[in-house]
Amino acid sequence: MKIQWLLLIALIFAVIIAAFAVVNVDAVPVNYIFGEAEFPLILVILASALLGFLLSGVVAIARSYSLQRKVKALQKEMAVKESLIATQQNEIAEYQKAGVNPEAQVVTSDEVTRDDRVDNYEEKQRDTY
Numbered sequence: 001m002k003i004q005w006l007l008l009i010a011l012i013f014a015v016i017i018a019a020f021a022v023v024n025v026d027a028v029p030v031n032y033i034f035g036e037a038e039f040p041l042i043l044v045i046l047a048s049a050l051l052g053f054l055l056s057g058v059v060a061i062a063r064s065y066s067l068q069r070k071v072k073a074l075q076k077e078m079a080v081k082e083s084l085i086a087t088q089q090n091e092i093a094e095y096q097k098a099g100v101n102p103e104a105q106v107v108t109s110d111e112v113t114r115d116d117r118v119d120n121y122e123e124k125q126r127d128t129y
């Protein structure tokens, strides 16, 4: 059904272009860098449309290629992070089997104050002398 609709739309578009071509057969001068020539107006219009189509196609292909490279890089990053998560989940399971609470051993930098760091530094200094 979808193909039939596309064919119908293409046929309608072809009829419109054919009617447009019949009406615009007058020759028009085309000035370019090295000279001037006369072409039928429909050829000038179709050539311009084709050139625009080709340029937009090249831009779309380049963007698609760039996005594919980005997707591959993100998939690699995701695989690395998934393996890290799996490793950490295995470590947590080992801690739980051993009866140790893994969260009890974690100390974030927010929990350590400047005074704690100074006290630890002073203790280390006393132990070394």
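Residues 1 to 129 (full-length UniProt numbering) are what the sequence shown spells out, left to right.
Heads up, the beta-carbon is just placed ideally off N, CA and C, and yes, glycines get one too.
When beta bridges are read from the DSSP output, residue 47 appears opposite no residue.
Apart from sequence neighbours up to five positions away, the residues of its chain that approach residue 30 with a beta-carbon distance below 8 Å are 36, 37, 38, 39, 44, ordered along the chain. Per DSSP, the beta-bridge partners of residue 28 are 39. In this structure, residue 13 lies away from residue 42, with their beta-carbon atoms at least 8 Å apart.
Taking C-alpha positions only, residue 1 is separated from residue 7 by approximately 10 Å. For residue 20, the uninterrupted alpha helix (DSSP H) segment begins and ends at 2-23. In the three-state scheme derived from DSSP, where H, G and I count as helix and E and B as strand, residue 53 is classed as helix. Shown here, residue 100 sits in coil according to DSSP, grouped into three states, outside any helix or strand.
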